[in-house]
């Protein structure tokens, strides 16, 4: 659970560094040792303070490792030390290298409730491509000057380099003598190269907005914009000149929008699009291509033949373009090196976007819609007709004239693809305010349509009469059923149980100091006033469950959410002679154990998954890779029964791991519908600096059976009951123990 807290910290760095200045690109002698401070300022020259305002960050002349200065970070006396302070420095990325290393000296004093560490980040055009902030090996307590090191891969896609020192939590941390090395050579000794700027990079006309305001849209204008959005997206991924980076495709859309909006007839809009295509230049037909076997999805391009929609001339142009010669390299789309999920690159984020800017709002809608159309592996599972969604959201997004309505509209749009990975991620201030910045220190789940108290945190006021199993019927006099109906459309997820999981986490958020609850216990309603707390006052992510233990009747138990990296071998040596094994995936694994645990449970290499990958050459196509294998023949294979517990918290890597481990000879999966979101994630950046994700690969059982949305289907379905919750029972764990005790 600590992973989420660190993710929020990562997002804070992401949002800051995306908008950080570019002033140092021409500097050769970098101030990495803090020694340059021309005007004796609080910070060394060219260093930037980041983090919350309740941390002191300044130079120190009395405690240092070398030279005249170090930098010290510590919470202010008025601070509770629950956030972070950081000092950061930007470097150019114009280097030819394969690895980058940051070294730095650090001294700490009484660091607690967090850690001190170095940070190294390499940014691409739209997002970080390599990042390490030492969160999994951060320094705590009191330590004398010690040199620490971070090494990351470096590539030609790098646009910026950031180095930093940070303190999370309480205590004091000093930093000194940072050095950066490329392929082992000090960065000051490495020659910078001149990176070619493409025409798309040089086009900056609308960097600060489109200045387009549509006023009220007519039905004909919506129809015309719908056509433009589809054609614009097809050209973006299919036209070779756009793929080469010869056109900033956002800005080409902005340039034609005023003319499109002035036309009433379809033929006039068709002519605008024809002229736009001709401006891009002629294309060459591709050679005959061998037919690809084992295709899961083919591009949905029948609309190119619709002369009524496009007109004969535009239709012919687009069909010819479909058969054009294209490269496997593309300005706007790439694939990761190993897994081959999509990388949406060179997408402008417009961090200073005005929410009355209809041009940028249309870019947001058209960008997202076409990314899903051509690079979402589960587009065939979308409930609604995806074309109808595009048409319906044109007036919706145009009418969203403030930040909250814009982001809620995007959340509703994102929810249409039914992917639990897809949401607006990051510590978004406006959405936090919408949901509520304060939290009730209790946890609720939706069970049989009722909002049931399932956990009471230690921070709860003992004087307040609320107990496990209580049913909350009203919150601030509003029926919980009504609140769920209102909020659930802003909780994107793959299936209804996971939507209930996410909406239940938001029901008890507020901007007020307390919540008024109507609670039903033993059929008797009670009105209870409950204090709300700041997020940091509640130990949401405190995990007291050990990674493993031996239960009654010599039954082994593994909780993957508490695993230390590489710990599984030592755990299996401890649990080797148990009478059975329970693996509790009601958590997110803190280590990747598909193969490290699979080799003990599965007695020979066995197929467990097939993965689909997208195509840059043929956008919209997804092809099956060869199935992956798990398991080994070993002398110490585990031979007793294995019970795997799952529920709606079981998501992504946890689902993937369950797919693998369930093929063990004596494995049984117990529980209920999982989150139904499997596959490596791909990041999408939208105007307004909005960050969302999608599942980037299709994940299937070897026979082609779906996992997306349906999740992992248990062998034995079981859910907690209100009675069991009242009694403080873990009914699923108890059932798992009984299953193992009954084995023959």
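Numbering (the working numbering), first residue to last: 112 to 855.
Even for Gly, the Cβ is constructed at its ideal location relative to N, Cα and C.
For residue 182, the enclosing beta strand (DSSP E) has its first and last residue at 181-186.
Non-local beta-carbon contacts of residue 279 in its own chain, meaning distances under 6 Å to residues more than five positions away in sequence, involve 195, 225 and 226 in chain order.
Taking one beta carbon from each stretch, the segment 496-514 and the segment 471-481 have 3 or more pairs nearer than 8 Å; the two touch.
Judged by their CB atoms, residue 229 and residue 276 are nearer to each other than the 9 Å cut-off. Every unbroken stretch of the beta strand (DSSP E) spanning 3 or more residues and falling wholly within the segment 716-801 is given here in chain order: 717-725, 733-735, 739-741, 753-757, 778-782 and 792-797. Rounded to the nearest whole angstrom, the C-alpha separation of residue 597 and residue 759 is 21 Å. The criterion of a C-beta distance shorter than 9 Å is not satisfied by residue 725 and residue 695. Judged by their CB atoms, residue 601 and residue 523 are nearer to each other than the 9 Å cut-off. With respect to the C-alpha of residue 562, the residue from 248, 428 and 611 having the closest C-alpha is 611. Under the three-state reduction of DSSP output, residue 554 falls in the strand class.
Contact between residue 274 and residue 206 is absent: CB atoms are separated by about 14 Å, not below the 8 Å threshold. Two segments are said to touch when three or more pairs of C-beta atoms, one from each, lie closer than 8 Å; by this definition the segment 208-219 touches the segment 250-266.
Counting C-beta pairs closer than 8 Å gives three or more between the segment 342-358 and the segment 381-392, which meets the contact rule. By the CB criterion at 9 Å, residue 803 and residue 810 fall outside the cutoff. Inclusion of residue 148 and residue 167 in the CB contact set at 9 Å is not warranted, their separation being larger than that value. Every beta strand (DSSP E) of 3 residues or more that sits fully in the segment 409-455 is shown, in chain order, as 444-446 and 453-455. A distance below 7 Å between beta-carbons, with the five flanking residues on each side excluded, links residue 378 to the following residues of its chain, in chain order: 422. Residue 534 counts as buried, since no fewer than 16 other beta carbons sit within 10 angstroms of its beta carbon. A contact is defined here as three or more CB-CB pairs under 8 Å, and the segment 460-472 meets this definition with respect to the segment 309-324. Looking at the backbone, the Cα of residue 294 and that of residue 313 are separated by about 30 Å.
Rounded to the nearest whole angstrom, the C-alpha separation of residue 793 and residue 676 is 24 Å. Proximity to residue 360 across 512, 443, 629 and 848 peaks at 443, based on C-alpha coordinates. The three-state reading of DSSP puts residue 407 in strand, counting E and B together. In this structure, the alpha-carbon of residue 669 lies about 20 Å from that of residue 831.
The residues 710, in chain order, have a CB closer than 6 Å to that of residue 743 in the same chain once the five nearest residues on each side in sequence are set aside. Within the segment 560-624, the complete alpha helix (DSSP H) runs of at least 4 residues fall at 591-598 and 607-615. DSSP places residue 482 inside the alpha helix (DSSP H), whose first and last residues are 469-486. About 6 Å separates the CB atoms of residue 778 and residue 755; that is less than 8 Å, so the two are in contact. Residue 722 and residue 806 have their C-alpha atoms spaced approximately 12 Å apart. Approximately 4 Å separates the beta-carbon atoms of residue 673 and residue 658; this is inside 8 Å, confirming the contact. Between residue 614 and residue 583, the beta carbon gap of about 13 Å keeps them out of contact (Cβ cut-off 8 Å). In summary, residue 140 is exposed, with fewer than 16 beta-carbon neighbours lying within 10 Å of its beta-carbon over all protein chains present. Here residue 217 carries a strand assignment [DSSP, helix/strand/coil]. Between the C-alpha atoms of residue 445 and residue 808 there is a straight-line separation of about 13 Å.
The DSSP-derived three-state label of residue 494 is coil. Take the alpha-carbon of residue 244 and the one of residue 262: they are about 11 Å apart.
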